[in-house]
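S.K.:
In my numbering, the protein residues as written are 763 to 1275.
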């Protein structure tokens, strides 16, 4: 008996966040009728993000700032970050189309600004919108590719992901995309080996939206609170949801985020990262990935997690020496926070301390006001007041912190001679003088100094089309799929990949007739 369909569209997009909005907009502009569904009200992790897009090769924003950058330098740098997760051809296409991507976003209404941040930071203040958002100036990257600021922050106060998403959502709706909120995809419909539709559960509830809003913020910073609200959301969906079947005449695009808020999946794939702060919304529960698997899709890079251990702001802390329990340095402190976090968790058991002296502490305190937004300010004060142990000598501060005194003494001596096996910029390497302080930068669930994390693995897709391998009629984009950032993440690379992979999936899904 044939299925009865409640809705029809050429392309159905599951998850209306950054990747979903780009897929929907591109498919609509290609002439397809598009219906996007979202479990909540849309936006996903993109709307609560910093709104950073990693772009280079001479974007209009870079040119307005007087920044010189080339596609070759961008590609050489990113190849070191990306590894073998995508082919050379795909990476080259990503870099070569980067400037056009910024123009496409601008045309869609996303505002950018060419004011360059003059100091190293995890996220610029409201005075700056173009910055070094990766490890471009760190060793060994700067030896093979000319560094350039490629972090394009969407213009808006605070974390500006909401501005980024609002522009894309508005452009998608203006192009004719229909959006069905509070609608959860529960299964994919397959006919003759091809995905032809989605079975969903939908409801209309103001209370559902209110619960989700509070589960997202402040729930983002208090995961236990978010989980409690999410249980109430799930109960509401079970009680009031009704089944809806949507026919997709050309294709279904899965863009439902990653799985950072699914504790069982994190435990199964990346157990060492269970102590991090999930960066995303409760919609990042792996549901899109599981939908793809249910019809034969395969996954990869599921153990890859980006865990951030930013030492800045304030930027003065880059002059310190980050050591493990043996007192040994293990990374260039000016590296991107996820590069530090990955080595910290995977190689150093999650334990690390930043050795500084009174001069660094004084400079850092002076920088807090001008270099931080509110959330960075809280962490900076925590590090400089609560997580800090002082000592009159290297040996004493080591003993008080649980670090090996002999190992730390050897590190301080080498650091004082300007020796740096990790290639940190010479101006950031100078002798440290007594009295000393060790700042505890260890990985763990600390409200004052959380370690934000996001998952990077997902469904394996055809790099030319975005089709889930080997499932005709099904596409995936953003953190539901393996993409540009699935090996190593720098700020803005996930959003840039959402745009790149979302547009690719939408464009190709719209072509199938």
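The beta-carbon is built from N, C-alpha and C at its ideal position, and this holds for glycine as well.
All values reported here derive from a predicted model rather than from experimental measurement.
1) Using C-beta distances below 7 Å, list every residue in its chain close to residue 823, excluding the 5 sequence neighbours before and after it, in chain order.
2) Taking the DSSP output, what are the residues bridged to residue 1238?
3) Does the stretch 1126-1138 come close enough to the stretch 1180-1191 that 3 or more CB-CB pairs lie under 8 Å?
4) Would you mind sorting residue 900 into buried or exposed? The rule is 16 or more other CB atoms within 10 Å of its CB.
5) What span of residues does the beta strand (DSSP E) with residue 963 cover, start to end?
6) May I ask you to list the residues that DSSP assigns as paired with residue 803?
7) Shortest alpha-carbon distance to residue 1059 belongs to which of 862, 1111, 950?
8) Considering only residues of the stretch 840-904, which uninterrupted alpha helix (DSSP H) runs meet the minimum length of 4 residues and lie entirely inside it, listed in chain order?
9) For residue 898, count the other beta carbons within 10 Å of its own beta carbon; 16 or more makes it buried, fewer makes it exposed. Which is it?
10) In this structure, does DSSP put residue 1104 in helix, strand or coil?
11) For residue 1095, which of helix, strand or coil comes out of DSSP?
12) Can you round the beta-carbon distance between residue 870 and residue 929 to whole angstroms, since I take them to be within the 8 Å contact cut?
13) Can you tell which of 1092, 921, 1222, 983 has its C-alpha closest to the C-alpha of residue 810?
14) For residue 1114 and residue 1090, what's the separation of their Cα atoms in angstroms?
15) Would you kindly report the start and end of the unbroken beta strand (DSSP E) that includes residue 1153?
16) Assuming residue 985 is part of the beta strand (DSSP E), what are its boundary residues?
17) Cα-Cα, which of 851, 1205, 866, 842 is closest to residue 1038?
18) Taking the DSSP output, what are the residues bridged to residue 1026?
19) Check whether the Cβ atoms of residue 803 and residue 1017 lie closer than 8 Å to each other.
20) Can you have a look at residue 825 and say buried or exposed, based on whether 16 or more other CB atoms are within 10 angstroms of its CB?
21) Which whole-angstrom value is the C-beta distance of residue 1153 and residue 1139, which I expect to be below 8 Å?
22) Buried or exposed: residue 1056, going by 16 or more other Cβ atoms within 10 Å of its Cβ?
23) Using a threshold of 7 Å, is the CB atom of residue 1044 nearer than that to any non-hydrogen atom of the ligand ADP?
24) Report yes or no: do three or more beta-carbon pairs, one from the stretch 1190-1202 and one from the stretch 1007-1016, lie closer than 8 Å?
25) Check each candidate in 1269, 800, 1213, 1228 and name the one with the smallest Cα separation from residue 1067.
26) Could you pull out every residue in the same chain whose Cβ sits closer than 7 Å to the Cβ of residue 1142, ignoring the five residues on either side in sequence?
27) Whose C-alpha, out of 1228, 1257, 1085, is nearest the C-alpha of residue 895?
28) Could you check what DSSP says for residue 1064 in three-state terms: helix, strand or coil?
29) Please confirm whether residue 1269 and residue 788 have their CB atoms less than 8 Å apart.
30) Look at the Cβ atom of residue 780, then the Cβ atom of residue 1247, and state whether they are nearer than 8 Å.
31) Closest to residue 720 by CA distance: which of 793, 843, 859 is it?
32) Mark residue 1121 as exposed unless 16 or more other C-beta atoms lie within 10 angstroms of its C-beta, in which case mark it buried.
M.R.: Taking the coordinates as given:
1) 864, 874, 876, 892, 914
2) Residue 1238 has 1016 as its beta-bridge partners, per DSSP.
3) no
4) buried
5) 956-964
6) BP columns for residue 803 are empty, so no partner.
7) Looking at 862, 1111, 950, the one whose alpha-carbon comes closest to that of residue 1059 is 950.
8) 850-858, 860-869
9) buried
10) helix
11) Note: residue 1095 maps to coil in three-state DSSP.
12) 6 Å
13) 921
14) 10 Å
15) 1150-1153
16) Here residue 985 belongs to no beta strand (DSSP E); instead the alpha helix (DSSP H) covers 985-1002.
17) 1205
18) DSSP, once it has assigned bridges, lists no residue as partnering residue 1026.
19) Not closer than 8 Å, so no.
20) exposed
21) Going by Cβ atoms, the distance from residue 1153 to residue 1139 rounds to 26 Å, so no, they are not a contact pair.
22) exposed
23) Looking for the ligand ADP in the displayed structure turns up nothing, as the structure carries no ligands at all.
24) no
25) 1213
26) 1075, 1076, 1130, 1134
27) 1257
28) coil
29) Cβ atoms of residue 1269 and residue 788: closer than 8 Å.
30) no
31) This structure cannot speak to residue 720, because the chain is shown only from 763 to 1275.
32) exposed
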